[in-house]
Amino acid sequence: MAGRNLPTRSCSSTTMTISVGRLKAVKNAAIGNPKSKAALAQDPILLAALIDALHDQALAAEAAHVVASIALGADAALHSLLVVHAPRALLVALADHREPHTRAAVARALRVLAARTADAVGPALWGLARTPTCELRAAAAACDDLCASEALDIYLPLLATPSAAATAIAQLLGTLLRTPAQRAAVTGWMPTPVSPEQTTRSRRGWEKTAVAATPVVPIVAKWLVTLLDAPGKNNKVRCRSILLLCP
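The opening position of the sequence shown corresponds to residue -17 in this note's numbering, with each subsequent residue numbered one higher.
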């Protein structure tokens, strides 16, 4: 899978044994506690353990909750997550895990981290701009990575089927896409063909390719429209905002 080629971690020479219980304790300590989030973000051993835990089926959901909580902290906390390649680690975890609860947790963490990163880089989503610190300007590379084809191949297909993960990805698009180039990357994306017949079709010499009479609707837009009809008020509210943001 394309996402497996992405670098996923910044390893430490010292390792930490981590468990579901420990992850829950860390999560509970961080919720609503900026000082705790800052302390966690300054612990490179814990951060490396979190990245490792994202690749463990039994630990991934709780690890994703902790990553999301840290991401909601100060700018320094966000920078610490970017240093250990947390966005890419979440992408790989999203590609690897199929269990719905785990996949939804990872997708939500990716949404939070993408939103925080895009806010740091700008342009401002609602006109409430702030000047990023020098270290957070490097977050622009993380935003570009999330709009690269390798990343889109991982998370955009989740929109095809209504689910908690699909809702999180729809929200992700609504906060991540800030520039025309980013929007063009998403609207121009197409699923990877599953067979050669989908990309190769023989034609006789006199046959010509028909010119489309109307603009082609991006597949992502079609999937978002389908999500509008899915059960749940939240899905409709969130997906409508995405449709307004897409070109």
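Beta carbons: idealized from backbone N, C-alpha and C, even for Gly.
The structure presented is a predicted model; accordingly, all values stated were derived computationally and were not measured.
In terms of Cα proximity to A31, the closest of R90, T157 and R4 is R4. D38 sits in coil when the DSSP states are folded into three classes, being neither helix nor strand.
Taking 8 Å as the cut-off, the Cβ atoms of I0 and L41 count as close. Under the three-state reduction of DSSP output, T174 falls in the coil class, being neither helix nor strand. The stretch 88 to 105 and the stretch 44 to 61 touch, with three or more beta-carbon pairs separated by less than 8 Å. For A97 and L158, the gap between their C-alpha atoms comes out near 6 Å.
A buried status is given to Q153, since no fewer than 16 other beta-carbon atoms sit within 10 Å of its beta-carbon. For C125, the three-state secondary structure derived from DSSP is helix.
A direct Cα-Cα distance of roughly 8 Å separates L209 from L141. By the Cβ neighbour-count rule, A163 is exposed, with fewer than 16 other Cβ atoms within 10 Å of its own. Assignment of T169 by DSSP, reduced to helix, strand and coil, places it in the helix class. CA-CA distance, A148 to M(-2), rounds to 33 Å. Annotated three-state conformation of S51 is helix, per DSSP.
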